[in-house]
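Student: Residue numbers (the UniProt record's numbering): 1 to 112.
We treat Cβ as the ideally placed atom computed from N, Cα and C, and that holds for glycine.
I am attaching a structure below and will ask some questions about it afterwards.
Rendered as structure tokens:
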């Protein structure tokens, strides 16, 4: 299967190990490191970022995600709004009727 994919030339070879899928090297740890490569990972971390830079990055990502949203058309929006209003009206009427019934039941049991 792998040979077929590599032979097809579409450039999408599957990673061979879980470490490769996570973007890590699956090769041996660098020589001279007796801690199993942990120090190399720690050294590769970026320096601390200011809270303002984090906020700016967050806002840029929010805007990028909002651009991916498929917004409803005006017709769909009106339809959805009517459906929600009808459903909420039905639920309010149901709760009102149940409240009225329970109030009548309490008055019957305990009297006034």
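Distance check for residue 17 and residue 56, CA to CA, integer angstroms please.
Tutor: The straight-line gap from Cα to Cα measures roughly 35 Å.
Student: Rounded to whole angstroms, what is the Cα-Cα separation between residue 102 and residue 91?
Tutor: Computed Cα separation, rounded: 16 Å.
Student: Looking at the structure shown, is residue 48 part of a helix, part of a strand, or coil, going by DSSP?
Tutor: In this structure, residue 48 counts as coil in the three-state DSSP scheme.
Student: Pick helix, strand or coil for residue 70, following the three-state DSSP scheme.
Tutor: Note: residue 70 maps to coil in three-state DSSP.
Student: With H, G and I counted as helix, E and B as strand and the rest as coil, what does DSSP make of residue 17?
Tutor: Coil.
Student: Measure the C-alpha to C-alpha separation of residue 104 and residue 83 and round it to an integer number of angstroms.
Tutor: When rounded, the distance between both Cα atoms is 32 Å.
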